[in-house]
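Only one structure is covered here, and it is reproduced in the block below.
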Amino acid sequence: SAVISQKPSRDICQRGTSLTIQCQVDSQVTMMFWYRQQPGQSLTLIATANQGSEATYESGFVIDKFPISRPNLTFSTLTVSNMSPEDSSIYLCSVKLQGRRAFFGQGTRLTVV
Amino acid sequence: QQQVKQSPQSLIVQKGGISIINCAYENTAFDYFPWYQQFPGKGPALLIAIRPDVSEKKEGRFTISFNKSAKQFSLHIMDSQPGDSATYFCAASFSAGGKLQFGAGTQVVVTP
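Chains A and B supply the protein sequences, listed in that same order.
If you're matching positions, the first sequence starts at 376 in the working numbering and goes up one per residue.
If you're matching positions, the second sequence starts at 17 in the working numbering and goes up one per residue.
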């Protein structure tokens, strides 16, 4: 398995501001993903964070709103930009290891007021 | 368009009983089907997974049954315990890439 650390674990932010979420993995991984989980809902993939290249975004998510960095094989950041109350969610970092197994961080609980 | 449909939305089972959660998928290119368990305030934890060339997989009290022709798979929790009370998500992915398509989730409550 992998140990995935996310920071911050929670935050309350003012609308119009931005928050950067960090994801640190205890081993080198090729594939990292960012998911959003709205209150009481399922998980929706935001993007695949590619090391050394731009992230690949899913339909409905754009780079200007959710810029992602992936400077190396153990670290990634997701920024939620120009936040509105609709962005209040849990944001989850995930990594895929060999054998197709995917593991998740504890999540960042974001509340926008 | 939800590619993985999960039911029921919630279920209550008595301690010692069997919890059954069902999922159905449309895309026959899916070839990996994991189940995740999520407790409040925590990230999802991989519980058990199956590939379509296997009809059943058992790990402890958790069993996945897979019906390729019907494009359905289910999770059975045997001898359910109060500590099993959580939200369970089924998911599916393709061999190329690793992104998961999740079902809507099932909240399981096991009563003492």
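All residues carry an ideal CB built from backbone N, CA and C; glycine is no exception.
From a predicted model like this one, the values you see are computed outputs, not experimental measurements.
Can you tell me the Cα-Cα spacing of residue i and residue j, whole angstroms?
{"i": "R475(A)", "j": "Y48(B)", "result": "8 Å"}
{"i": "A108(B)", "j": "Q117(B)", "result": "5 Å"}
{"i": "S111(B)", "j": "Y41(B)", "result": "16 Å"}
{"i": "S85(B)", "j": "T44(B)", "result": "10 Å"}
{"i": "G76(B)", "j": "R484(A)", "result": "32 Å"}
{"i": "F450(A)", "j": "V400(A)", "result": "6 Å"}
{"i": "C39(B)", "j": "I66(B)", "result": "13 Å"}
{"i": "S434(A)", "j": "A422(A)", "result": "9 Å"}
{"i": "Q416(A)", "j": "T127(B)", "result": "23 Å"}
{"i": "E461(A)", "j": "G391(A)", "result": "12 Å"}
{"i": "L448(A)", "j": "L62(B)", "result": "22 Å"}
{"i": "T452(A)", "j": "P446(A)", "result": "9 Å"}
{"i": "P383(A)", "j": "S428(A)", "result": "25 Å"}
{"i": "W51(B)", "j": "I37(B)", "result": "10 Å"}
{"i": "F46(B)", "j": "P98(B)", "result": "33 Å"}
{"i": "V29(B)", "j": "I387(A)", "result": "36 Å"}
Put residue i into one of helix, strand or coil per three-state DSSP.
{"i": "P460(A)", "result": "helix"}
{"i": "D69(B)", "result": "coil"}
{"i": "D47(B)", "result": "coil"}
{"i": "R476(A)", "result": "coil"}
{"i": "D439(A)", "result": "coil"}
{"i": "P24(B)", "result": "coil"}
{"i": "D95(B)", "result": "coil"}
{"i": "D401(A)", "result": "coil"}
Determine, using beta carbons only, whether residue i and residue j come nearer to each other than 9 Å.
{"i": "G121(B)", "j": "Q481(A)", "result": "no"}
{"i": "L394(A)", "j": "Y410(A)", "result": "no"}
{"i": "I64(B)", "j": "L91(B)", "result": "yes"}
{"i": "L472(A)", "j": "L418(A)", "result": "no"}
{"i": "I379(A)", "j": "F478(A)", "result": "yes"}
{"i": "G456(A)", "j": "D439(A)", "result": "At residue 456(A) the sequence reads Ser, which differs from the Gly that was named. A contact, by the Cβ cut-off of 9 Å."}
{"i": "T431(A)", "j": "S463(A)", "result": "no"}
{"i": "V125(B)", "j": "I93(B)", "result": "no"}
{"i": "A424(A)", "j": "S402(A)", "result": "no"}
{"i": "Q18(B)", "j": "G114(B)", "result": "no"}
Throw me the rounded Cβ distance for the residue i and residue j pair, which I believe falls under 8 Å.
{"i": "V488(A)", "j": "Q413(A)", "result": "So it is not a contact: roughly 16 Å between Cβ atoms."}
{"i": "C398(A)", "j": "Q426(A)", "result": "With a Cβ gap of about 13 Å, C398(A) and Q426(A) do not count as contacting."}
{"i": "I34(B)", "j": "S81(B)", "result": "Actually they are not in contact, since the Cβ atoms of I34(B) and S81(B) sit about 12 Å apart, beyond 8 Å."}
{"i": "F436(A)", "j": "T454(A)", "result": "Going by Cβ atoms, the distance from F436(A) to T454(A) rounds to 12 Å, so no, they are not a contact pair."}
{"i": "C106(B)", "j": "F78(B)", "result": "Not confirmed; about 12 Å, so no contact."}
| Touching or not, the region 102 to 120 of chain B and the region 68 to 77 of chain B, by the rule of three or more beta carbon pairs under 8 Å? | The region 102 to 120 of chain B is not in contact with the region 68 to 77 of chain B.
| Per the contact definition of three or more C-beta pairs closer than 8 Å, is the region 397 to 407 of chain A in contact with the region 20 to 28 of chain B? | no
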